[in-house]
Structure formats: structure tokens, C-alpha cells
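**Student:** Here you go, one structure.
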Amino acid sequence: MKKPGLPIVLAIGLGCHGHAGICLQTSPSRYAAREVKRETPADARPYLSRPVALVYDESRLFVLDMDDDDIKVFSRSGAFEYVIGRKGQGPGEFHLPSGLDILGDRLYVADSANRRVQVVDKRGSYLSGFRVPFSPHRILAFGPDRIVVMSLPSGRDGQEKVLHGFDGSGELLWEAVDSFYSGDSVYDLMRNRWFGLKASRGEFFLLRGTDDRIIRRLDENGILLGEAGVTVKYPIQEVDIPGREGRKRTLRVLCWNCASDRERLYFLVPERTEDGDLGPGRAIAVIGLAGEIVASIDLPEQLTRIAVDGNTIFGLDLDGRLRIFRLEPK
Amino acid sequence: MKRAIALTLAVVLFLSVFLWVPQLSSARARADICYDDWESCRSRAFQSDEGIVKTTLWLTVCDFALGKCILGFTKV
């Protein structure tokens, strides 16, 4: 008589070992995201004008607000705690900040309109900063002297580099990855929707949000370590946009926003709107390192930005509210 | 006669330097402001969650505003 229990236990053990989040399965599994009850009553929550990025540590969430030019700090259970920064050009002040990362006790801000990078501590005290010769869009910090800044290509001088590596004093160490350039500034910008997501061992994933299925893995020096294609089973959606001279051009949108956690990628799948546009969605596809779909997550409503920590999803909804979800198998 | 021509040319050169160069520099500074505002406009549009088509329309408005700004009609 066969003993079916052992292989099953082994399979589950291999898939879930050391993994607080979604376990490896042979076929994609489905999860539902259930909202966590918040500590703070709704009317006591601070208004987020245009939250564009969120990062977390073991005790807090940091939400970058582009229109308010500040970082709003919450407990991990969603209680508002304090604000870092304000509009301005001085140390610890921001103007249209668009990227945020956290490393140890430091927050790294892509201070877009001030064309600089600023480093502040978790209470908002200014630590350091440096100017950059472009509009910084996203930022990844791997160490005090290893900062990767992603620019928003302007196309003013043709093709530009997208990735720029700096040390802590602002010295440019390397540049990598050419932007898409066709001379149509609007289309080009939409083709340059790059996402940089942290991986383990000081490495990061680089994704192009449109017209590409490639997951690139780079190290902190901008060296390409490997590539994998996202499976064709993943639903890339097309949308026609108005181009120059009345020509319509088609964009194939990979993800609205994405996140990484424990060597998995989380793609916020775009959703068709009533008027035929393509907007934020209410489904997340969990992608493995080989580009396979590991799992799918159903959200109760549309999210615009996500961050994932194990079986917890931090998200921002269409009204700019912070939402916290726990994953439950379906 | 030669001295008069030379003097006239010198005066013209002098006036060019002191009248034209500041204007050119001012025009360049103005263009830089236009481009800075354009980049801010694009950055805002790019970070909007309005949908892909609406975002491209917004980006097109940024381009129009840049054109107007550079032509000196108005600031973005």
C-alpha cells in the first residue's frame, strides 16, 4: 500500500520553506486579499494628495506624497504618526518628489523638480544629498555609496541613459540602459515606464512597463546578470493612444505598478475602464524568477501602488487612501 | 575715414556685447524655466492614475504648454 502523505508533505515543505508569503505550487494558486481593520477611524486619517510610492520597515510605512511634497509616516497597522519634509528647496524639503527607498535607518528620496537626491533619517532629519543632471524618477539604495537613480527621459537630446549609479557624495559611477527614443515625446515617455525593484544580494529587477516581457536582473553596478521572459500566459493588454500627425499607436501594458518581495514579482494587472482606457486594476499576478505565474491575487478594489511583505499587501487606492490587506488562499 | 569706420564698428561691437548678450542669456534662462516646468508637468502626468489614454492627453497638453512658453506667450 502506498503512503501518499510523505510526498505531499515534502512538496509543501520545499515550496514554503523559509517563505512567509506565497508558496511555490506546480500550478498558479489563487489568493484573496482581505482588508485588515485599521486602528484609526476614517475621519482621522490624513489626506494623501497624490501618493506615488510606499516603502516599509519592520514597524512603519512611509508614503511619498508628490503633491504635498512630503512623506507621511504610518504604523504598519495603518495609524498615522507624523510627516517628514515640506515643499521647498532647502535641506529636507522636496518639490514634486517621485521616488522613495529605504535602507537601514535612512530614507532616500528622488526629489524630482529639485533635480537632486536627498537622504533623511526616519524622523526627517536631513543627512545628505546631491544634485543630479536630470529629473530623478525612482531610486534604489543598496548602501551609503551605492545608489541607483532612474531618470525620466526628456528626449531633448535624443536617446538617454535610464539608470545612473552614484556614490553617497553624488559622484557618477556608471550609467546603463538606453531609453526608447523615436522623437514623439509623448509616446516615448509612455514607452519609458521603467520599474526598478529590489532583489536579494544587492541586486535588482528592471522591468519596462510597456511593450516588453523581459525581467532583467542587474547588480548594484548596473551589470546585467540575467534575463527571463514573462510567460505568454500573463495577460498583457493593448491600448491605442493618439500619436503624432493623427496616427494611433498601440501600447502593450505589462503592469500598472509592481513590487518585489522574497524573489517574487507582483504585477498589478491593468484593467479596462468603462470608456475604453486602461487603468489600475484589482488583480495581482505573482511572477516567479523564470517568468512563470506562481499565483494570482484578487483585490476587493482597484489599487494604484503596491508594496508586499510576506502575506501582507500595502496598497494605495484610487482615492489616495492607504489600504492594508492579508492574503488568504481561495 | 578708416578711423571713423573702425570706431563705428567698435561701438557696434560694444553695444552688441552689452545689449544683445544679456538678452540672449535672458532668453536662454527663460527657455530653461520653460523646460523645467515642462518636466514637472510630465512628471505629474506620468504619476497620475488616470488611465493610459488620459495620461497621454495630459502629456500632450504639457507639450503644447512648452511650445507656448518658449514662444513667449505664457508660462507653463
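Quick note, the sequences are listed as chains V and E, same order.
Just so you know, my numbering puts 274 at position 274 of the first sequence, and the rest follows in order with no gaps.
Just so you know, my numbering puts 374 at position 44 of the second sequence, and the rest follows in order with no gaps.
Positions of the beta carbon are idealized from the N, C-alpha and C atoms, including for glycine.
Bear in mind that the values here come from a model prediction, so they are computed numbers and not experimental data.
(1) Would you check if the stretch 145 to 158 of chain V and the stretch 358 to 373 of chain E touch, i.e. whether three or more CB-CB distances between them fall below 8 Å?
(2) Give the DSSP bridge partners of T250 of chain V, in chain order.
(3) D277 of chain V versus chain E: which residues are under 7 Å apart at the beta carbon?
(4) Apart from the five residues just before and just after A199 of chain V, which ones in its own chain have a Cβ nearer than 8 Å to its Cβ?
(5) Note down, in chain order, every chain V residue with its Cβ under 7 Å from the Cβ of F376 of chain E.
(6) Run down chain C in chain order and give the residues with a C-beta less than 9 Å from the C-beta of P280 of chain V.
(7) Would a check of beta-carbon distances place V289 of chain V closer than 8 Å to chain E?
(8) Quick test of your reading: V63 of chain V and P51 of chain V, contact by CB under 8 Å. State the CB separation rounded to the nearest angstrom.
(9) Where does T273 of chain V fall in DSSP's three states?
(10) Taking 8 Å as the cut-off, decide whether the C-beta atoms of L299 of chain V and I284 of chain V are in contact.
(11) Give me the chain V residues within the contact set of D393 of chain E, using Cβ-Cβ distance strictly less than 8 Å, ordered along the chain.
(12) What is the rounded straight-line gap between the Cα of L96 of chain V and the Cα of S135 of chain V?
(13) Going by CA-CA distance only, name the one from V:L61, V:G99, V:M66, V:L100 that's closest to E81 of chain V.
(14) Spatial neighbours of F94 of chain V within its chain, please: CB distance less than 6 Å, with the 5 preceding and 5 following residues excluded, ordered by chain position.
(15) Using a cut-off of 7 Å between C-beta atoms, extract the partners of S112 of chain V located in chain E.
(16) Is the Cβ-Cβ distance between I236 of chain V and R249 of chain V less than 8 Å?
(17) Which partner residues does N257 of chain V have in the DSSP bridge list?
(18) Could you say which of V:I297, V:I306, V:V308, V:L254 lies nearest to E328 of chain V if we only look at CA atoms?
(19) Alpha carbons only, please: which of V:G222, V:R247, V:L254 is nearest the one belonging to V232 of chain V?
(20) Note down, in chain order, each residue of its chain lying with its Cβ closer than 8 Å to the Cβ of D188 of chain V, except the 5 sequence neighbours on either side.
(21) Would you tell me roughly how many angstroms separate the C-alpha atoms of A359 of chain E and R116 of chain V, rounded to the nearest one?
(22) With distance defined between alpha-carbon atoms, name the residue in V:A290, V:H164, V:D317 nearest to E380 of chain E.
(23) What is the C-beta distance between D101 of chain V and V55 of chain V, in whole angstroms, given that I count them as a contact (C-beta under 8 Å)?
(24) Only counting the same chain, and skipping five residues up and downstream in sequence, which positions put a Cβ closer than 6 Å to that of I139 of chain V?
**Tutor:** With the structure as the only source:
(1) yes
(2) V:D240
(3) G381, I382, V383, K384
(4) F205, R217, S260, E263
(5) Residues of chain V with a Cβ closer than 7 Å to the Cβ of F376 of chain E are, in chain order, L152, L189.
(6) Looking for chain C here will not work: the only protein chains present are V and E.
(7) The amino acid at residue 289 of chain V is misidentified as Val; the sequence shows Leu. Chain E, which has no Cβ nearer than 8 Å to the Cβ of L289 of chain V, makes this no.
(8) Approximately 5 Å separates the beta-carbon atoms of V63 of chain V and P51 of chain V; this is inside 8 Å, confirming the contact.
(9) coil
(10) yes
(11) S185, V186
(12) 10 Å
(13) V:L61
(14) D69, G85, D111
(15) S373
(16) no
(17) Listed as beta-bridge partners of N257 of chain V by DSSP are V:L268.
(18) Comparing Cα positions, the closest option is V:I297.
(19) V:L254
(20) P153, G155, S179, F180, Y181, S182
(21) Rounded to the nearest angstrom, the gap between the Cα atoms of A359 of chain E and R116 of chain V is 20 Å.
(22) V:D317
(23) 6 Å
(24) Counting only residues of its own chain and dropping the five nearest sequence neighbours on each side, I139 of chain V has a CB closer than 6 Å to the CB of G99, D101, Y108, A110, V149.
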